[in-house]
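Notes follow the structure.
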Ligand SMILES: C[S@@+](CC[C@H](N)C(=O)[O-])C[C@H]1O[C@@H](n2cnc3c(N)ncnc32)[C@H](O)[C@@H]1O
C-alpha cells in the first residue's frame, strides 16, 4: 500500500495503559495495541539487547518513531553500565507536540524526562553522547535505499507491518542487514509471519520463534548471525 507523508496521527491507549500512535491512513499503530511498553520491553530489550554478549553493543533501530525503544535502551544501558552506541533510522520524525502528548517519561521514568527529549532534540547524522553509557546517532533516511556503513550487534526491526508497508520487508534488505551484523549479531522483530521468517533464513540467519510479550502476540522472531 502506498501512503503519503505527512499523515495524521492519533494517540490511543494500549492494553497495558501505555499510549501509542495510530495512523488512520494506514490503519496501523506504532506499537502493539495489546501493550506498547510491554511489547518494547519484551521484544527489543529482553529478547534483543540483553541477549547480546557484545561488551559495548552497537544497536541499529529500523523505525526510530517515538523513541520509545531508544529511551528504554538508554535506561537499560545506564542501569547495567554497559555502554551502547545506538543508530536510529527514521524517514518521518515524529513532531515534538505529539511526543509531549504521548509523555512516555511520565509513565516510564519521570526522573529521566530530560533524557527522553534529548533523544529527539539531538542533531541528525551526528554521534551524540547523551549519557556516559549511551551514544546516539539518528539517521534521517529511507531504509529501503540506505546502505549500512557500520557493524551492528543488535537490530531492532520495528517497521510498519509487512501488509501495510511491504517495501520495508524485502529479501535484499535483510541480506544487507545480515552483512552489516557482527558474528553472533541479533535481529528481533514483532512479526512472526512465515514469509518474514523465510526471508531471514534465506539471508543466512538462524531464526527462532520465541514467546511473545505477556498478553500480546503469541510469537515473535529472533534471528541470529551464526557463522
Ligand atoms: C512501527 S513504527 C516504529 C515505532 C518506533 N520504533 C517507536 O518505538 O516508536 C515504524 C516507523 O518506521 C518509519 N518509517 C516508515 N517508512 C520508513 C522508511 N522508508 N525508512 C525509515 N523509516 C521509515 C515510520 O515513520 C515509523 O516511525
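Residue numbers (our numbering): 1412 to 1638.
Cβ coordinates follow ideal geometry from the N, Cα and C atoms, glycine included.
For the pair residue 1451 and residue 1421, the CB atoms are not nearer than the 8 Å cut-off. In the structure shown, residue 1629 falls within a coil segment according to DSSP collapsed to helix, strand and coil. Annotated as distal: residue 1544 and residue 1470, with beta-carbon spacing of 8 Å or more.
Placement of the Cβ of residue 1560 at a distance of 7 Å or more from every heavy atom of ligand 1 is found. Taking 8 Å as the cut-off, the beta carbon of residue 1570 is found closer than this to the beta carbon of residue 1474. DSSP places residue 1607 outside any beta strand (DSSP E); the residue lies instead in the alpha helix (DSSP H), whose first and last residues are 1605 to 1614. In the three-state reduction of the DSSP assignment, residue 1531 falls in the helix class, which pools H, G and I.
Around the C-beta of residue 1602, 16 or more other C-beta atoms lie within 10 Å, and the residue is accordingly described as buried. Annotation: the stretch 1516 to 1565 contains the following complete segments of the beta strand (DSSP E) (minimum length 3 residues), in chain order: 1538 to 1542, 1545 to 1550. Straight-line spacing of the CA atoms in residue 1599 and residue 1472 works out to 10 Å. A distance below 7 Å between beta-carbons, with the five flanking residues on each side excluded, links residue 1513 to the following residues of its chain, in chain order: 1422, 1430, 1477. One thing to note: residue 1446 has its Cβ no nearer than 8 Å to the Cβ of residue 1623. About 7 Å separates the beta carbons of residue 1548 and residue 1537, which is inside the 8 Å limit, making them a contact pair.
Of the other Cβ atoms in all chains shown, 16 or more fall within 10 Å of the Cβ of residue 1596; this residue is therefore buried.
It is roughly 21 Å from the alpha-carbon of residue 1442 to the alpha-carbon of residue 1550. Within the same chain, 1485, 1488, 1489, 1526 come within 8 Å of residue 1542 by CB-CB distance, once the 5 residues on both sides are set aside. Pairing residue 1531 with residue 1610, the inter-Cα distance amounts to about 32 Å.
A contact between stretches requires three or more CB pairs, one per stretch, nearer than 8 Å, and the stretch 1451 to 1460 fails this requirement with the stretch 1575 to 1588.
If you look at residue 1491, you'll find it in the alpha helix (DSSP H) that goes 1479 to 1491. When DSSP reads this structure, residue 1618 sits in a beta bridge with 1634. With a cut-off of 7 Å, the C-beta of residue 1627 is classified as distant from ligand 1, since no heavy atom of the ligand falls inside that distance. Distance between residue 1516 and residue 1573, taken at the CA atoms: about 29 Å. Taking the C-beta atoms as reference points, residue 1608 is found nearer than 8 Å to residue 1618.
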